[in-house]
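Q: When you line the sequence shown up against our numbering, it's residues 93 to 166, in that order. C-beta: ideal position from N, C-alpha, C; glycine also. Quantities reported herein were computed from a predicted structural model and do not represent experimental measurements. Encoded as structure tokens, here's the structure I'll be asking about.
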Amino acid sequence: MANFSYEIIETIAVLSEGSKGWKKELNLISWNGRDPKYDIRDWSENHEKMGKGITLSKEEVQTLLNALNESNYF
């Protein structure tokens, strides 16, 4: 597995918590020293382990918000 670094710049929201203490979070994260992006994934309590997730740019988040606002699902 390749080495990488990350810094959680801001925790925006905890979306849910599993029975084993892992939390699904929306964070602003800098990966490998790059500009921060929005990130949704499961994290262990101490943020040392992570699950698979999705990383979105500001533009992608705006597109997602627009799509959700325009949907009739909510």
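Near Asp134, what residues of its chain come up, given a Cβ to Cβ distance below 6 Å and the 5 sequence neighbours on each side ignored?
A: Working through the sequence shown from its first residue, we reach residue 134 at position 42. Contacts found: Trp114, Lys116 and Gly143.
Q: Provide the residue span of the alpha helix (DSSP H) that contains Asn161, from first to last.
A: If you number the sequence shown from 1, residue 161 lands on position 69. For Asn161, the enclosing alpha helix (DSSP H) starts and ends at Lys150 to Glu162.
Q: Measure the CB-CB distance between Asp127 and Gly145 and report whether it falls below 8 Å.
A: As a working mapping, residue 127 is identified with position 35 in the sequence shown. As a working mapping, residue 145 is identified with position 53 in the sequence shown. No, the pair does not count as a contact, with Cβ atoms beyond the cut-off.
Q: What's the gap between the Cα of Ser122 and the Cα of Tyr165?
A: Numbered from 1 along the sequence shown, position 30 holds the residue referred to as residue 122. Numbered from 1 along the sequence shown, position 73 holds the residue referred to as residue 165. Cα to Cα, the separation comes out at about 32 Å.
Q: Might you give, ordered along the chain, the residues of its own chain that have their beta carbon closer than 7 Å to the beta carbon of Asn168, omitting 5 neighbours on each side?
A: Given that the chain is displayed from residue 93 to residue 166, the structure contains no residue 168 and the question cannot be resolved.
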